[in-house]
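Undergrad:
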Amino acid sequence: MKLAETCVKYPVFTVMLIAFLVTLGVFSYRGLAVDLFPKADPATVNVEVRLPGATPEEVVTGVVLPLEDAISSVSGIDEISVYSFEGFAYITCTFVLERDIEGAAQDIREKVAGAIDRLPRDTLPPIITKQDPQSDPIMTLLVSGPMSRRELTEIADKQVRRVVQTVDGVGSVELNGGQERQIRVLLDAQKLTAHNFTVLDVREALQRENIEAPGGRMITGPQELGLRTLGRVTSAEQFGEIVLGTRGGTPVRIRDVARVEDGAQELRTWSALFRKGTAAQDVVAIQVLRQSGANTVRVADDVRSKLDDLRAQMPPGIQLQVVHDISDFIKASVHSLIEHLILGSVLASMVVWLFIRNWRAVLIAAVAIPASIIATFTLMRGMDFSLNNITLLALTLAVGIVIDDAIIVLENIFRFMDEKGRDRVLAAVEATKEIGLAVMATTLSLVIIFLPIAFMTGYARKYVNSFGWTMAMAILVSLLVAFTGFPALGRSALSEDVRLVPVAPARDYPDLCGDFFFHIRFLSSGGTRLDSRRRPIRIDQFLLASRRHLARQNHQAGAGDGRAHRGPAGGGPGPIVYARDDQSRPLFHRAGAARRARPHARADGHRRSWNSFELPKHDLQRTPAFRSGR
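In our numbering, the protein residues as written are 8 to 637.
1. Specify the secondary structure class of residue 492 as computed by DSSP and reduced to three states.
2. Taking the alpha-carbon positions, what's the residue 62 to residue 148 distance?
3. Counting only runs of 4+ residues fully inside the region 185-244, write out the alpha helix (DSSP H) ranges in chain order.
4. Quick check on residue 308: does DSSP put it in helix, strand or coil?
5. At the level of alpha carbons, what is the spacing between residue 25 and residue 96?
6. Just how far apart, CA to CA, sit residue 118 and residue 130?
7. Would DSSP call residue 55 helix, strand or coil?
8. How do the region 161-173 and the region 273-283 stand: do at least 3 beta-carbon pairs fall below 8 Å, yes or no?
9. Please report how far the alpha carbon of residue 223 lies from the alpha carbon of residue 128, in whole angstroms.
10. Rank 420, 312, 54 and 483 by C-alpha distance to the C-alpha of residue 15 and give the top, closest one.
11. Return the CA-CA distance between residue 328 and residue 399, expressed in angstroms with no decimal places.
12. Would you identify the three-state DSSP class for residue 272, choosing helix, strand or coil?
13. Can at least three beta-carbon pairs, one atom from the region 320-334 and one from the region 201-214, be found at a separation below 8 Å?
14. What is the rounded straight-line gap between the Cα of residue 264 and the Cα of residue 199?
15. Using DSSP with H/G/I as helix, E/B as strand and the rest coil, what is residue 267?
16. For residue 290, which residues of its own chain have a beta-carbon under 8 Å away from its beta-carbon, when the five flanking residues on both sides are left out?
17. Provide the residue span of the alpha helix (DSSP H) that contains residue 387, from first to last.
18. Buried or exposed: which applies to residue 165, given that a residue is buried once 16 or more other Cβ atoms fall within 10 Å of its Cβ?
19. Less than 8 Å between the beta carbons of residue 488 and residue 379, yes or no?
20. Out of 54, 31, 243 and 40, which one is the CA nearest neighbour of residue 298?
21. Assuming contact is defined by CB atoms lying nearer than 8 Å, are residue 376 and residue 352 in contact in what I supplied?
22. Using a Cβ-Cβ cutoff of less than 7 Å, which residues in the same chain neighbour residue 423 once the five nearest sequence positions on both sides are dropped?
23. Could you tell me which uninterrupted beta strand (DSSP E) segments, each at least 3 residues in length, are contained entirely in the region 145-192, listed from first to last along the chain?
24. How close, in whole Å, do the beta carbons of residue 115 and residue 135 come, if the pair is a contact with beta carbons under 8 Å?
25. Of all Cβ atoms in chain D, is any one closer than 8 Å to the Cβ of residue 381?
26. Under three-state DSSP, which class holds residue 396?
27. In chain order, what residues of the same chain lie with their CB nearer than 7 Å to the CB of residue 243, ignoring the 5 residues before and after it?
28. Whose C-beta lies closer than 7 Å to the C-beta of residue 401 among residues of the same chain, with five residues either side of it excluded?
29. Mind checking residue 73: buried by the 16 CB within 10 Å criterion, or exposed?
30. Can you give me the C-alpha to C-alpha distance between residue 175 and residue 304, rounded to a whole angstrom?
31. Using a 10 Å radius around the Cβ and a threshold of 16 neighbouring Cβ atoms, would you call residue 214 buried or exposed?
32. Let me know the secondary structure DSSP gives residue 639 once reduced to three states.
33. Tell me which residue opens and which closes the beta strand (DSSP E) that residue 259 is part of.
34. What do you reckon, are the CB atoms on residue 54 and residue 91 nearer than 8 Å?
35. Which one or two residues does DSSP pair with residue 92 in a beta bridge?
36. Could you tell me the boundaries of the alpha helix (DSSP H) in which residue 32 lies?
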């Protein structure tokens, strides 16, 4: 195929292409969101509306029904749930899986804004929030110390929450177990009646006097100044001085009809820290929620870095600690899967080495694993996948598949160099062309197996579609790498000196677990053997090459009848000779080693032939090598 020929002809271009894919994958990996599982839950939008003083029935009739009629026309709604209480109500809208939460929230806001005119006059503005399943608290902080709960709440709110909210990726920060400051106005009914005032009069006075409003502009000569009324009350004493009205020409103030206290609001949520052997300690819990689609691990790390600076600014005795961080569990889970991925890659390379027994070939084949996996990160980033347990499981399983194409291409290049005597360039081009269609068909058949998983429907689709797409993309990338990178790498890295070592056939099968690395035995005519340099050879091709070579040796020695000849005097290593045993099977051995084998006696008086035997280690190391097919 033209692609392989081009890559072999321009190896630098090929290396740069693979390097570009790997570099792009590395940068994409840094931008991938890291999470525990894929986003699989449907989008949910909550509408909170309050009508102070109304009963649950009045809330349903006056508030819920008008809003529900307006919201029901939004497309993609799967379910609407209503929860009505005294003074307020929750409307929960659950959308189908395919609905985008941002667009859904915007549609809800538009419908609610159009229905506000139909609500009662005292209804407070509705609050619309997105309940993203991915926005669950990722981190919980505790503020504790020798202070009251109210003081701890002020520190947690003004010093901690405001700083944490500035971290990139943080959606919101919530306080639990806190008590905010509250100024209470405790009315005396008898005094109100004596002065002829009602509760509504007190309420209107508080709203009228406790405000800050723009005062317009004042022009003084060439200058123009902006005015602002400072009517905000900040202390209990100031609340007591608010005038309700006049009775008999005398102003009546709030302190005349009520008692004003500067205290804390009623405790609705409670949080405490329990330690073994000590009493419960009052604390204020701070829950950190991330934005939708933000990297959980990165947000948690950024928050921790901010906490290090905050601890130095805390008052004496105040402790700020992290009691829950979901990123720790995510890191441990992802780290475990990455370890298995690397271990699987190493084991796959070791298995390849056991069969090929050539370190150069194994290293070239092992390039397929990191190149394919890293390049897949680019496609994952393009499809908005996160790095989670599902996608990492797909990459781990893909390790054993992505190396298949590389093994097939390299083995065929070896075969062309060994059997057909091609040089490295021709072997790389012709070997890839010969198996290109078969490798492509095999790879595409694997892709077809995983694609149906990517197109599943229903609730399971959001959970497993990333698995199918990740597997399919990794396999396709491995096909591209096998057809581009490995012919070029095989052309440049493989050695043309592929040698074959003649061996003596043995009568029994070898003990592969014992002396495999020192003794070479014949198993079958189609078996694969290695020389001392651990190169693969074919026994049937070796027999043909060796017979031709030995025939030339015997002819030059004047012994064309095939009878064995001894080596040179002194028993040193001599030329390889050729002999036939009683069953006319070709045997090969060294004349120098022949003296250690016992000959068969023959009745015709001719020189005895030799049975098969196993060469000693030192003779094996000195065995000459021959090129196949030359």
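Each residue gets a CB set at the ideal place from its N, CA and C atoms; glycine is no exception.
TA: So, from the listed chains and residues:
1. If DSSP states are grouped into helix, strand and coil, residue 492 belongs with the helices.
2. If you take the alpha carbons of residue 62 and residue 148, they lie about 37 Å apart.
3. As far as the region 185-244 is concerned, its whole alpha helix (DSSP H) runs of at least 4 residues are 196-201 and 206-216.
4. Three-state result, residue 308: helix.
5. Going from the Cα of residue 25 to the Cα of residue 96 covers about 59 Å.
6. C-alpha separation (whole angstroms): 17 Å.
7. Three-state result, residue 55: strand.
8. Contact between the region 161-173 and the region 273-283 is absent, because fewer than three Cβ pairs lie under 8 Å.
9. For residue 223 and residue 128, the distance between alpha carbons rounds to 28 Å.
10. The option with the nearest alpha carbon to residue 15 is 420.
11. Between residue 328 and residue 399, the C-alpha separation is close to 32 Å.
12. In the structure shown, residue 272 sits in coil (DSSP, three-state: anything other than H, G, I, E or B).
13. Contact between the region 320-334 and the region 201-214 is absent, with fewer than three C-beta pairs closer than 8 Å.
14. Residue 264 and residue 199 have their alpha carbons spaced roughly 6 Å apart.
15. The answer is strand: DSSP assigns residue 267 an E or B state.
16. 149, 150, 151, 159, 184, 278, 279 and 280, listed in sequence order.
17. That run of the alpha helix (DSSP H) goes 375-389.
18. When all chains shown are included, residue 165 counts as exposed.
19. Note that the C-beta distance between residue 488 and residue 379 is below 8 Å.
20. When each option's Cα is compared against that of residue 298, the closest is 40.
21. Pairing residue 376 with residue 352 gives a Cβ-Cβ distance under 8 Å.
22. Excluding positions up to five away in sequence, the list reads 429, 434, 437 and 438.
23. Listed in chain order, they are 177-183.
24. Confirmed, about 6 Å.
25. The structure shown contains no chain D; it is built from a single protein chain.
26. In this structure, residue 396 counts as helix in the three-state DSSP scheme.
27. So the qualifying residues of the chain are 190, 267, 268 and 269.
28. Once the five neighbours on either side are set aside, the close Cβ partners of residue 401 are 474, 477 and 478.
29. Looking at its Cβ environment, which holds 16 or more other Cβ atoms inside 10 Å, residue 73 is buried.
30. For residue 175 and residue 304, the distance between alpha carbons rounds to 12 Å.
31. With fewer than 16 Cβ atoms within 10 Å of its Cβ, residue 214 is classed as exposed.
32. In the structure as shown, the chain begins at 8 and stops at 637. Residue 639 is therefore absent and cannot be evaluated.
33. Secondary structure note for residue 259: its beta strand (DSSP E) is the uninterrupted segment 257-260.
34. No, these two residues do not count as a Cβ contact at 8 Å.
35. According to DSSP, which records beta bridges pairwise, residue 92 is partnered with 95.
36. Where residue 32 is concerned, the enclosing alpha helix (DSSP H) stretches over 18-38.
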